[in-house]
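Q:
There are 2 protein chains.
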Amino acid sequence: MGAGDFESRWLAPDVNAVWARFLNVTHRLEHQIDRRLQDHHGITHTQYEILVRLADSDDRAMRMSDLADSIVTAKSAVTYQVNRLSEMGLAERYKCDRDNRGIWVKLTAAGIERLEQAAPCILSLVRELFLDAINCDQAAELDKLLEIWSSNLDRSATERPAETA
Amino acid sequence: MGAGDFESRWLAPDVNAVWARFLNVTHRLEHQIDRRLQDHHGITHTQYEILVRLADSDDRAMRMSDLADSIVTAKSAVTYQVNRLSEMGLAERYKCDRDNRGIWVKLTAAGIERLEQAAPCILSLVRELFLDAINCDQAAELDKLLEIWSSNLDRSATERPAETA
DNA sequence: GTAGGATCGTTCGAAATTGAACCAGCCGAA
DNA sequence: TTCGGCTGGTTCAATTTCGAACGATCCTAC
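Each protein sequence line maps, in turn, to chains S and G. Our numbering numbers the first residue of the first sequence as -16 and each following residue consecutively. Our numbering numbers the first residue of the second sequence as -16 and each following residue consecutively.
#1: Rounding to the nearest angstrom, what Cα-Cα distance links residue 101 of chain G and residue 128 of chain G in this structure?
#2: At the level of alpha carbons, what is the spacing between residue 65 of chain S and residue 74 of chain S?
#3: Between residue 118 of chain G and chain S, is any beta-carbon pair separated by less than 8 Å?
#4: Taking only beta-carbon positions, decide if residue 60 of chain S is within less than 8 Å of chain G.
#5: Does residue 124 of chain G come within less than 8 Å of chain S when only Cβ atoms are used?
#6: What in chain S is Cβ-close to residue 10 of chain G, meaning under 7 Å?
#7: Which residues of the region 24 to 46 of chain S have a Cβ closer than 8 Å to any Cβ of chain G? Give them in chain order.
#8: Assuming residue 133 of chain G and residue 4 of chain S are in contact, meaning their beta carbons sit under 8 Å apart, how far apart are those beta carbons, in whole angstroms?
#9: Using a Cβ-Cβ cutoff of less than 6 Å, which residues in the same chain neighbour residue 121 of chain S once the five nearest sequence positions on both sides are dropped?
#10: Could you give the distance in angstroms between the alpha-carbon of residue 33 of chain G and the alpha-carbon of residue 109 of chain G?
#11: Distance check for residue 25 of chain S and residue 89 of chain S, CA to CA, integer angstroms please.
#12: In three-state DSSP terms, what is residue 57 of chain S?
#13: Comparing C-alpha positions only, which one of G:118, G:106, G:18, G:113 sits nearest to residue 135 of chain S?
#14: Strictly by DSSP, which residues pair up with residue 90 of chain G?
#15: Can you find a C-beta in chain G that's less than 8 Å from the C-beta of residue 129 of chain S?
#16: In the DSSP assignment, the beta strand (DSSP E) including residue 46 of chain G goes from what residue to what residue?
#17: I need the straight-line Cα distance from residue -3 of chain G to residue 44 of chain S, nearest angstrom please.
#18: Taking only three categories from DSSP, how would you classify residue 139 of chain S?
#19: Please decide whether residue 14 of chain G counts as near chain S, where near means a Cβ-Cβ distance under 8 Å.
#20: With DSSP as the reference, label residue 100 of chain S as helix, strand or coil.
#21: Using the three-state DSSP reduction, which class does residue 79 of chain G fall into: helix, strand or coil?
#22: Could you work out which residue in S:139, S:39, S:-1 is closest to residue 99 of chain S when comparing CA atoms only?
#23: Judging by CA-CA distance, which residue of S:138, S:125, S:22 is the nearest neighbour of residue 0 of chain G?
#24: Check the Cβ of residue 158 of chain G against every Cβ in chain S and list those closer than 8 Å, keeping chain order.
#25: Closer than 7 Å by C-beta to residue 137 of chain S: which residues in its own chain qualify, once you throw out the five before and the five after it? Chain order, please.
#26: At what residues does the alpha helix (DSSP H) containing residue 116 of chain S begin and finish?
#27: According to DSSP, simplified to helix, strand and coil, what is residue -12 of chain G?
#28: Going by beta-carbon coordinates alone, are residue 180 of chain G and residue 27 of chain G separated by less than 8 Å?
#29: Cα-Cα, which of S:10, S:12, S:6, S:31 is closest to residue 94 of chain S?
#30: Just the Cα atoms here: how many angstroms apart are residue 140 of chain S and residue 23 of chain G?
#31: I'd like to check one pair, residue 35 of chain G with residue 50 of chain G: are the Cβ atoms closer than 8 Å?
#32: What does residue 109 of chain G reach in chain S if we use C-beta pairs closer than 7 Å?
Dropping the structure here:
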């Protein structure tokens, strides 16, 4: 049995190539953005994402766990990164008055400034690498796909734990 | 100046939402696949990717650096992961006769077996979450986009270092 | 009220990734 | 031939991530 036979047993070639390419492209996109951010603006992609979410929020502040959901990482990673941002003076913690467990993370003036420097640079990179390739129709189509994928992921995430019960 | 004003200065809302959703979806996809692999098959997504590339190669073997290019990571990460796979008995190293610097990594029988167990499970998950959402036309369209993105990344990666020279 | 269960955020140890430094072997040009 | 640069792989310290365990708080049902 040759290598070809082996692989053809479980690999539907065409459609799977799309998936492989998808993985490759997403990884390389993240790498280039990350490198650009670190070289030119001294922050990680995750840190940048946190700054963006904060800037987009009312009062430029968010709860820790909302932040964790928003960027897609473990809560402990958010704790870690907020500590870094806090050391850099880009964000700060507030006690939450409504909920004594809660912590608000808020963008500082320096955080806003840093984001205002980084954002145009990154957005132009994203445009150059990603967005310029798609016209309006394609964008709409892609957005539709993303919505389906997203709800697939939601369903799968809620179904799976229940399945074990 | 409200939060809205701030963000509208640098954020074109519609098209950027696509990018944000794209990031979110790709992260969640990777997480679910990773979790499935670790829970059911005892390997990481990176390790799985390595096994797949090896299985797809002639002689089920690859050079270290080709492996590093293929999955998108630093060379040192490949060294690390191949060590893990080797400890698990799923892959092994060979000296390369043509090039005395080179190392070949080859799938073992156990590696093939493990992959044969994992692959159907993962492929069905990928189908369920990702591929089933797209019909033939969309797949073709997506593939076209991926190709453009990919060549954008190539160009950007080769231009950038030259720009500093 | 008050117990039981869920939620919030942190801490901790283990694993993974990165980039820089490094050694060895290859190769092309003088 | 040999010298310089390039490539292939590893090592190392530093950073980041994850999941499990934890204490504290909230909330709902009794």
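Ideal Cβ positions, reconstructed from N, Cα and C, are used throughout, including at glycine. Since we're looking at a predicted model, the values are computed, not measured.
A: Taking the structure as given:
#1: As a first step, residue 101 of chain G must be located in the second sequence, where it is residue number 118. As a first step, residue 128 of chain G must be located in the second sequence, where it is residue number 145. Whole-angstrom Cα-Cα distance: 29 Å.
#2: Walking along the first sequence from the start, residue 65 of chain S turns up at place 82. Walking along the first sequence from the start, residue 74 of chain S turns up at place 91. Roughly 7 Å separates the two Cα atoms.
#3: Taking the first residue of the second sequence as position 1, residue 118 of chain G is located at position 135. No, its Cβ sits nowhere closer than 8 Å to a Cβ of chain S.
#4: Taking the first residue of the first sequence as position 1, residue 60 of chain S is located at position 77. Closer than 8 Å: no.
#5: Numbered from 1 along the second sequence, position 141 holds the residue referred to as residue 124 of chain G. Chain S, which has a Cβ nearer than 8 Å to the Cβ of residue 124 of chain G, makes this yes.
#6: Within the second sequence, residue 10 of chain G is the residue found at index 27, counting from 1. By Cβ distance, chain S contributes 55.
#7: 32, 38, 39, 40, 41, 42, 43
#8: Along the second sequence, read from residue 1 onward, the residue named residue 133 of chain G stands at position 150. Along the first sequence, read from residue 1 onward, the residue named residue 4 of chain S stands at position 21. Yes, they are in contact, since the Cβ atoms of residue 133 of chain G and residue 4 of chain S sit about 7 Å apart, within 8 Å.
#9: In the first sequence, counting from the first residue as 1, residue 121 of chain S sits at position 138. Answer for residue 121 of chain S: no residue qualifies.
#10: In the second sequence, the residue the question calls residue 33 of chain G occupies position 50. In the second sequence, the residue the question calls residue 109 of chain G occupies position 126. Near 17 Å, if we compare the C-alpha coordinates of residue 109 of chain G and residue 33 of chain G.
#11: Position 106 of the first sequence holds residue 89 of chain S. Position 42 of the first sequence holds residue 25 of chain S. For residue 89 of chain S and residue 25 of chain S, the distance between alpha carbons rounds to 19 Å.
#12: As a first step, residue 57 of chain S is located in the first sequence; it is residue number 74 there, counting from the start. Three-state result, residue 57 of chain S: coil.
#13: Taking the first sequence and counting its residues from 1, the one referred to as residue 135 of chain S is at position 152. Answer by Cα proximity: G:113.
#14: Counting from one through the second sequence, the residue named residue 90 of chain G turns up at place 107. Residue 90 of chain G pairs with G:74.
#15: Residue mapping note: residue 129 of chain S aligns to position 146 of the first sequence, counting from 1. Yes - at least one Cβ of chain G is within 8 Å of the one on residue 129 of chain S.
#16: On the second sequence, residue 46 of chain G is found 63 positions in, with the first residue counted as 1. That run of the beta strand (DSSP E) goes 44 to 46.
#17: As a working note, residue -3 of chain G is residue 14 in the second sequence. As a working note, residue 44 of chain S is residue 61 in the first sequence. Spanning the two alpha carbons is a distance of roughly 23 Å.
#18: Along the first sequence, one-based indexing puts residue 139 of chain S at 156. Residue 139 of chain S: helix per DSSP, three-state reduction.
#19: Here residue 14 of chain G refers to the residue found at position 31 of the second sequence. Judged by the 8 Å Cβ criterion, residue 14 of chain G is in contact with chain S.
#20: As a first step, residue 100 of chain S must be located in the first sequence, where it is residue number 117. If DSSP states are grouped into helix, strand and coil, residue 100 of chain S belongs with the helices.
#21: The residue labelled residue 79 of chain G in the question sits at position 96 within the second sequence. It is coil, neither helix nor strand.
#22: For the purposes of this step, residue 99 of chain S is taken as residue 116 along the first sequence, with counting starting at 1. The residue with the shortest Cα to Cα distance from residue 99 of chain S is S:39.
#23: If you number the second sequence from 1, residue 0 of chain G lands on position 17. For the residues S:138, S:125, S:22, the minimum Cα distance to residue 0 of chain G belongs to S:125.
#24: Past the boundaries of the shown model lies residue 158 of chain G; chain G is included only from -16 to 148, so the question cannot be answered.
#25: As a working note, residue 137 of chain S is residue 154 in the first sequence. There are no such residues.
#26: On the first sequence, position 133 is the one that residue 116 of chain S refers to. First-last for residue 116 of chain S: undefined, no H or E at that position.
#27: Looking up residue -12 of chain G in the second sequence gives position 5. Note on residue -12 of chain G: pLDDT 48, under 50, position unreliable in the model; no value is reported.
#28: The structure shown has nothing for residue 180 of chain G, since chain G only spans -16 to 148.
#29: In the first sequence, the residue the question calls residue 94 of chain S occupies position 111. For residue 94 of chain S, the nearest C-alpha among the options comes from S:31.
#30: Here residue 140 of chain S is taken as the residue at index 157 of the first sequence, counted from 1. Here residue 23 of chain G is taken as the residue at index 40 of the second sequence, counted from 1. The alpha-carbon atoms of residue 140 of chain S and residue 23 of chain G are separated by roughly 16 Å.
#31: Residue mapping note: residue 50 of chain G aligns to position 67 of the second sequence, counting from 1. Residue mapping note: residue 35 of chain G aligns to position 52 of the second sequence, counting from 1. Taking 8 Å as the Cβ cut-off, residue 50 of chain G and residue 35 of chain G do not qualify as a contacting pair.
#32: On the second sequence, residue 109 of chain G is found 126 positions in, with the first residue counted as 1. Residues of chain S passing the Cβ test: 2.
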